[in-house]
Amino acid sequence: MAMSSIKKISVFSLAMISVGAVLSVRNFPSMAVYGWSSIGWYILGALLFLIPLTLASAELATGWSKGGGVYQWVKEAFGEKSGFIAIFCEWSNNIVWFPTVLSFIAGTFAYVLNPDLANNGFYMFSVMMIAFWGSTLVAWMGPKVTARFNNTGVLLGSILPSILLIVFGVVYLAQGQPLQIPAFTLPQIVPDVNLSTLPFVATIILLFAGMEMAGFHALSVKDPSRDFPRAMLIAAVLIVAASVLGTLALSWVIPVGELNLAAGIMQAFDAFLRAFGLSSLVPLVAFLVSLGGLALLINWLVGPALGLGVTSADGLMPPATRKLNKEGIPTGMLILQGILATGVSLLYVFSPSVNQAYWVLSALTVMLLCIVYMFIFAALIKLRISQPNTPRAFKVPGGLLGVWIVGGVGFFSSVFTFVIGCLPTTATEIPLLGYVSIMLIGTALLALPPLVFMKFRKSSWVASREEQKALGVES
Amino acid sequence: MSTTNSSVSIVLWIIGGICVTWFVWIMVVWSGNQSNYNTTVSQESVKNLLASKGLNVCDQNDLDLSGTPGLVSSKTLSVSTSCSDDVHPMNITLLQFSDEASRNAALQRAATTHRSGYGLHSVYAYGPYVLTIQGTQSLANQALLSEAMGNTNES
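Chains as they are written, first to last, in the numbering used here: chain Z, 1 to 475; chain E, 1001 to 1155.
So this is what it looks like as C-alpha cells:
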C-alpha cells in the first residue's frame, strides 16, 4: 500500500496530535501546589525544552519529511545505526510506560461508575486492556480514523476540562471569594530553583515530552513544509496556555494541602466542583478526563510504531515487520507492542504491592526518552552544518548561532534529565552505586537491541525499490 | 535462503524474549518482599518514628480529602527538628487507608501521575498509612524523613 495514497489529515489534526501527546489535566493538581510560581516553572520548562523541541521538530520535519519522524532525522545526521537506536528508544520506553497511562485511565474512569473500583485489580486490568486494545484497533484503521478519534479525545478530554477549570476559576475570582494562595505579586512567579528543587526541573522538562510526535505524521499532511510549522505553533500555544491557566484555576480554589498526589487527580476535581456545589458533575468530568487519557495513549501508541515500521524499509529489521495494512499502518509492530504491554500491565496490576521494580523501570523509560531527545537536538545542529543547502520550509531563526542556542539548550536539558534519572528519586534499599548501575545497564539493554538486529541483518532484508516506493520512503 | 531468514528471525525473537524475561525477572524479584502490610501501625507510631530521627510534630491539621477511595483519615503534620518560629517546618500529609488494596492504589496514583516524579514528591507507605511530601521542602528534612521511613522496610 503506497503511503502517498493514504488519506491526508488537516493542520488542525496534526496540531492535535502534539497537543494530545503532551497536554494532560492530570499534571495540573501537582503543579497547582506551587501556586503562582507554577507560572515560572511552566515558563522554565517551555524555555528549556518545549520551545527548543518545537523549533527543532519543525526544522527537521520540513527538511526531511519522508516519513519515520525521529528515525529519519537522526539517520540523516548520524547514519542509520543511530537513527535505529533513537526510534527504538522511543518505542521501547513506551512498553514500560503504557501501564502508567492505562492505570491513570482506568482509575479515573472508576469515578464514572464507582470510585472504589479503582482499588480492584480485576476492574483495573480489564479497563486497561479494553483501553489499550481498543486504541490499537483505532490505530489499525488508519490515520484518518486515528486523527478523528484523537481530535475528539483532545477537544473533549484535555481542552474542554482545561476551559472548564479556567472559566470556573474566573467565576470564583469574580465572586470575590478568598484565594487559597497568597495575593499575586510579580516576584512570586519566579520559581525557587535551588539544590532541593533541581530534580524538579527534570520533571518540568518531561511535562512537555511528546512534541516531536507530530513528526511521525509529516507525510500525512498535504504540504508538510507549510503545514507542519503552523501545526507546531498552534500546539505549543495551546499547551502552554491551557497548562498555566488550568493549573492556576485549581490553585485559586483548592487549599494546597488538599492537592495530594496519593489522593488522586479526581479527588482534586471533586474538591474543585464541590466549591461550586457541582459535585454531581464529577462522573462527567471523570469521563472527559479518561477520554483525554485515551488521546494521550493513542499518540504514543501509533507514532513510534510507525517510525519503527519505516526502519524495516532500510533492511534493519526482518521483512515481516514492514508489512502494512491497506491504511499504511505497520500492523505487526502494533501487535508486538500490544503483547508486550499486556504482559507488563499484568505484572503491574497484580504484583502484591507497588514494587520497586516498577519505579526503577519507570525511571528507565525517562532515560530512554532523554536519549531520543539528545539525538534530535544533536541532529538539528549536525544537519545545519553538514547539509546547509537542503531546503527547509522552516528554519530555526538566528542562523547557525540560533541553531546552536536552541539545539544546545535542548541537548543540555536532555542530558540534565538523563543524569537526574540515574539517581534514586524516593527511598530505596538499593545502594546508590547499585541503583546507578541498574539504571545504566537497564538503559543499555533497552536501547541497544538495534545493534543485535544490525549484526544479524541480511541483504535480503532491504526493501526493493518498489517496496520502498510503496512505503513512501524511497531515496 | 528463506530457511536462513527464518533462522535469523527466530534468533532475534529469542533475544527479544531474553529482554522481556529480564523485565519480568527484575519485577518479580523486587516485588517479592513488598507485601508487608502491618495493621498494628498507629498514628502515634508514625509520629514516634519521625521523632526518632529528630522530626518533631510542631502542628497538625485535619485535611478534607473526601472522595478518595478507602480513605479513613487525612492530616497534615508540620514537622521540624526545632519547633521555633524561625525554622520553616516540613509539611507531611498522612493518609490512613482502610485496607491494603486502597493503600496500594493510593501509592500507584502517586507513582503514575507523571512520567517522572523527580523532586515533585516523595511517597512512603507505613502500615495502613501513606506519607507524602510535595512542593518545595528542606533537603535536610527530606533526608531525615527518608531515613526514618527506610527503617520501616516498607517504603
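Glycine included, every Cβ here is placed at the ideal spot set by N, Cα and C.
The structure displayed is predicted, hence computed values, not measured ones.
- Counting every other CB atom within 10 Å of its CB across the protein chains shown gives E/His1088 a total below 16, marking it as exposed.
- Taken in chain order, the members of the stretch 1054 to 1070 of chain E whose beta-carbon sits within less than 8 Å of a beta-carbon on chain Z are Asn1061, Leu1063, Asp1064, Leu1065, Ser1066, Gly1067, Thr1068, Pro1069, Gly1070.
- Non-local C-beta neighbours of Z/Thr331 in its own chain, meaning closer than 6 Å and more than five positions away in sequence, comprise Asn325, ordered along the chain.
- Judged by DSSP in its simplified three-state form, Z/Lys8 adopts coil rather than helix or strand.
- Contact of E/Ala1106 with chain Z by beta-carbon distance below 8 Å involves Ala262, Ala263, Gly264.
- Contacts with chain Z at 8 Å (Cβ-Cβ) include E/Gln1137.
- Beyond the five residues adjoining it in sequence on each side, E/His1121 comes within less than 7 Å, by CB distance, of Ala1110, Thr1132, Ile1133, Gln1134 in the same chain, given in chain order.
- Of all residues in the stretch 358 to 382 of chain Z, the ones placed with a Cβ closer than 9 Å to any Cβ belonging to chain E are Tyr358, Trp359, Val360, Leu361, Ser362, Ala363, Thr365, Val366, Leu369, in chain order.
- Contact annotation: Z/Met213 and Z/Ala393 have beta-carbon atoms that are not nearer than 8 Å.
- The DSSP-derived three-state label of E/Lys1075 is strand.
- Chain-order list of chain E residues neighbouring Z/Val74: empty, with the shortest C-beta distance near 21 Å, by a criterion of under 8 Å.
- By the Cβ neighbour-count rule, Z/Phe28 is buried, with 16 or more other Cβ atoms within 10 Å of its own.
- Rounded to whole angstroms, E/Asp1099 and Z/Leu14 show a C-alpha spacing of 45 Å.
- Per DSSP, Z/Ser345 is one residue of the alpha helix (DSSP H) stretching across 331 to 350.
- Restricting attention to Z/Leu48, Z/Thr100, Z/Leu250, the CA atom closest to the CA of Z/Leu346 is found in Z/Thr100.
- Proximity of chain Z to E/Leu1095 at the Cβ level (cut-off 8 Å) is accounted for by Asn260, Ala262, Ala263, in chain order.
- A distance of 8 Å or more separates the beta carbons of Z/Val310 and Z/Ile438.
- If you check the CB distance, Z/Leu47 and Z/Gly410 do not come in under 8 Å.
- Take Z/Pro224, set aside five residues on each side of it, and the residues of its chain with a beta-carbon closer than 7 Å to its own are Ala61, Thr62, Ser65, Ala218, in chain order.
- Closer than 8 Å to the CB of E/Thr1076 there is at least one CB belonging to chain Z.
- Interface with chain Z (8 Å Cβ-Cβ cutoff): E/Val1041 is excluded.
- Cβ neighbours of Z/Phe216 within its own chain (closer than 7 Å, five residues either side excluded): Gly69, Gly303, Leu306, Gly307.
- Shortest Cα-Cα distance from Z/Gly421 to any of Z/Ala313, Z/Pro450, Z/Leu198 involves Z/Leu198.
- In the displayed model, E/Gln1060 falls within a strand according to three-state DSSP.
- In summary, Z/Asn119 is buried, with 16 or more beta-carbon neighbours lying within 10 Å of its beta-carbon over all protein chains present.
- Under the Cβ criterion of 8 Å, E/His1088 is not counted among the residues facing chain Z.
- At a cut-off of 8 Å, the C-beta of E/Ser1102 has a neighbouring C-beta in chain Z.
- The C-beta separation of Z/Val344 from Z/Ile95 comes to about 6 Å, placing the pair in contact by the 8 Å criterion.
- Beyond the five residues adjoining it in sequence on each side, Z/Gly407 comes within less than 6 Å, by CB distance, of Phe377, Leu380, Ile381 in the same chain, given in chain order.
- Going by DSSP, Z/Ile130 is part of the alpha helix (DSSP H) stretching over 121 to 140.
- With its beta carbon less than 8 Å from one in chain E, Z/Thr197 belongs to the interface.
- Interface annotation, E/Leu1050: not in contact with chain Z, CB-CB separation never under 8 Å.
- Close to E/Leu1120, with beta-carbon spacing below 7 Å, are these residues of chain Z in chain order: Ser30, Phe200, Thr203.
- In this structure, Z/Val253 and Z/Pro161 do not form a Cβ contact; the two beta carbons are roughly 14 Å apart against a cut-off of 8 Å.
- The C-beta distance from Z/Gly169 to Z/Ala249 rounds to 3 Å, short enough to meet the 8 Å contact threshold.
- Closer than 8 Å to the CB of E/Val1072 there is not a single CB belonging to chain Z.
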